[in-house]
Amino acid sequence: MAYISTPSCSGQEETLYLYLDDELPLAERSAFESHLQHCQTCRALLAETEALFAEIANWEELAPPPNIALQVMANMPLPVVAPEPDRYNLLLLAGQMAIGLLLLLVAIPKLLTMYQLLPPKWNTPEITAFIVAGSEQLRVSAALQTNWLYAQWTQITGHIGFNFAPGLAVALAGGLILAWLIGNGLLLGRNSLSIKGSG
Amino acid sequence: MFEPTDAELVTQILAGDQSMYRLVVERHQQAVYNTAYRLVGNPAEAADTAQEAFLRAYNALHTFRLDAPLKPWLCKIAANLALNLLKRRQPTVSLNDDLSGMVIDVPDLSTEPQANLLRVERQRQLHQAILTLPPEQRSIIELRHFQEQSYDEIAQALNLSLSNVKVRLFRARKNLGQILQKEM
Numbered sequence: 016m017a018y019i020s021t022p023s024c025s026g027q028e029e030t031l032y033l034y035l036d037d038e039l040p041l042a043e044r045s046a047f048e049s050h051l052q053h054c055q056t057c058r059a060l061l062a063e064t065e066a067l068f069a070e071i072a073n074w075e076e077l078a079p080p081p082n083i084a085l086q087v088m089a090n091m092p093l094p095v096v097a098p099e100p101d102r103y104n105l106l107l108l109a110g111q112m113a114i115g116l117l118l119l120l121v122a123i124p125k126l127l128t129m130y131q132l133l134p135p136k137w138n139t140p141e142i143t144a145f146i147v148a149g150s151e152q153l154r155v156s157a158a159l160q161t162n163w164l165y166a167q168w169t170q171i172t173g174h175i176g177f178n179f180a181p182g183l184a185v186a187l188a189g190g191l192i193l194a195w196l197i198g199n200g201l202l203l204g205r206n207s208l209s210i211k212g213s214g
Numbered sequence: 018m019f020e021p022t023d024a025e026l027v028t029q030i031l032a033g034d035q036s037m038y039r040l041v042v043e044r045h046q047q048a049v050y051n052t053a054y055r056l057v058g059n060p061a062e063a064a065d066t067a068q069e070a071f072l073r074a075y076n077a078l079h080t081f082r083l084d085a086p087l088k089p090w091l092c093k094i095a096a097n098l099a100l101n102l103l104k105r106r107q108p109t110v111s112l113n114d115d116l117s118g119m120v121i122d123v124p125d126l127s128t129e130p131q132a133n134l135l136r137v138e139r140q141r142q143l144h145q146a147i148l149t150l151p152p153e154q155r156s157i158i159e160l161r162h163f164q165e166q167s168y169d170e171i172a173q174a175l176n177l178s179l180s181n182v183k184v185r186l187f188r189a190r191k192n193l194g195q196i197l198q199k200e201m
């Protein structure tokens, strides 16, 4: 098809491209379509441009070289094999879970005594009695454990001449945090080594 | 014969069956190769770019949305690689540069049967015309007409303002129309 060179309305050629690309705002699009109805030159240019766009879209794809798939597969990265679970990591995780459960057992009496904050319909005599009884059992158990720990602490600090009662709670908390950090640090360290090894 | 969809292939590949990626390459290599070829204008570089595009796509396969079509995604990767190659190859070409001496690698289509000569000749003229465009105009024609990207997407891809995209696209199309007119 021959491309006829025709004079165009001043400034309409760019608008024509925007119109064909569907990039004109609605109001301008309507105005341009009205213009097209009255302007033979722009209609001819529109036809010419649509023909050009159709010609571009007619690009017939060329066959690629035959070895692309072969080259791609030959250069593929090796598949990453998921590392097997590490027994040491599992033991560390199990240990941390056990410590967490122990902490919960010590903390439960405190939590259960908050029953007084429950909504009124929950505050029946039967539920109260049950919670009180259960709480008392756990409190006694926790008190025994705490007393034992405190006794050990007192013995240890007595030997080294250090007698600071709140220090027990601080030492417990500090020791647990340290154990958690070391445990997870070791887990992370072993996992990063595994990833480097399989790369 | 049952042909798995692209989404099914990608799912299997992500599940660990690396060999299925060969089917993806074979299915889309033509489109990816032609995307690269229209931009770099050289069959050897286009093949290298297509291979690199597939390798990059494999490494990024976990980011692909399974409900989207795979071919445009692959072609976009190839286009970006080709554009980077063009940027590295030469600085911005002036729109007034004389292109008459430029050597274009256009495959010889003259061995086609007689009945197809007219169509083949038109294709040769089209290939020649697009590959004759300066790289910056070729890029914008590729992104608009073949990748069907919006003006905003083109602006982002080429790091241009919206007004520059409009001006550059306008000039590229005018240029292409004039080249094709000369060929007739």
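Protein chains in written order, with the numbering used here: chain A, 16 to 214; chain B, 18 to 201. Note that the Cβ used here is the ideal one computed from N, Cα and C, for glycine as well.
Item                                                                                                                                             : Value
Expressed to the nearest angstrom, what Euclidean distance is found between the alpha-carbon atoms of A:Ala84 and A:Glu43?                       : 48 Å
Using only the alpha-carbon positions, how far apart do B:Arg141 and B:Leu31 sit?                                                                : 41 Å
In the stretch 70–82 of chain B, which residues sit with their C-beta less than 8 Å from some C-beta in chain A, listed in chain order?          : Phe71, Leu72, Tyr75 and Asn76
Please state the DSSP three-state secondary structure of B:Ser178.                                                                               : coil
Please decide whether B:Gln68 counts as near chain A, where near means a Cβ-Cβ distance under 9 Å.                                               : yes
So is B:Phe163 buried or exposed if we call it buried at 16+ other beta carbons inside 10 Å?                                                     : buried
Along the chain, where does the alpha helix (DSSP H) containing B:Ala95 start, and where does it finish?                                         : Leu87 to Arg106
So which residues of chain A does B:Leu186 contact, with C-beta pairs closer than 9 Å?                                                           : Tyr32 and Asp36
Less than 7 Å between C-beta atoms, sequence neighbours within five positions excluded: which residues of the same chain meet that for B:Ser178? : Ala172
With DSSP as the reference, label B:Thr22 as helix, strand or coil.                                                                              : coil
Mind checking A:Gly189: buried by the 16 CB within 10 Å criterion, or exposed?                                                                   : exposed
Just the chain A side, please: which residues come within less than 7 Å of B:Arg39 by C-beta, in chain order?                                    : Ala84 and Met88
What residue range does the alpha helix (DSSP H) around A:Ser45 cover?                                                                           : Leu41 to His53
Mapping DSSP to helix, strand and coil, what is A:Asn199?                                                                                        : helix
Taking beta-carbon pairs under 9 Å, can you tell me which members of the stretch 61–83 of chain A lie near chain B?                              : Glu63, Thr64, Leu67, Phe68, Glu70, Ile71, Ala72, Asn73, Trp74, Glu75, Glu76, Leu77, Ala78, Pro79, Pro80, Asn82 and Ile83
Given this structure, state the Cα-to-Cα distance separating B:Thr109 from A:Thr30, to the nearest angstrom.                                     : Low per-residue confidence applies at B:Thr109: pLDDT is 45, beneath 50, and the placement is therefore not dependable enough to give any value.
Could you pull the start and end residues of the alpha helix (DSSP H) that B:His144 belongs to?                                                  : Leu134 to Thr149
Does A:Pro40 come within less than 9 Å of chain B when only Cβ atoms are used?                                                                   : no
What's the gap between the Cα of A:Pro164 and the Cα of A:Glu141?                                                                                : A quick correction: the sequence has Leu, not Pro, at residue 164 of chain A. Rounded to whole angstroms, A:Leu164 to A:Glu141 spans 34 Å at the Cα level.
What residues from chain A crowd round B:Lys104, counting only those whose CB sits closer than 8 Å?                                              : Result: empty, since nearest Cβ-Cβ is about 23 Å, beyond 8 Å.
By the three-class DSSP mapping on this structure, what secondary structure does A:Trp74 have?                                                   : coil
By the criterion of Cβ-Cβ separation under 8 Å, what are the contact partners of A:Met91 in chain B?                                             : Gln35, Tyr38, Leu72 and Tyr75
Below 7 Å CB to CB, which residues in the same chain sit around B:Ile94 once its five sequence neighbours on both sides are set aside?           : Ala70, Arg73 and Ala74
Distance, Cα to Cα, B:Trp90 vs B:Glu25?                                                                                                          : 16 Å
Compare the C-alpha of A:Leu118 against each of A:Glu28, A:Leu187, A:Gly198 and A:His174 and name the closest.                                   : A:Leu187
Can you tell me the Cα-Cα spacing of A:Ala144 and A:Leu116, whole angstroms?                                                                     : 25 Å
So, with DSSP's three-state summary, where would you put A:Asp36?                                                                                : coil
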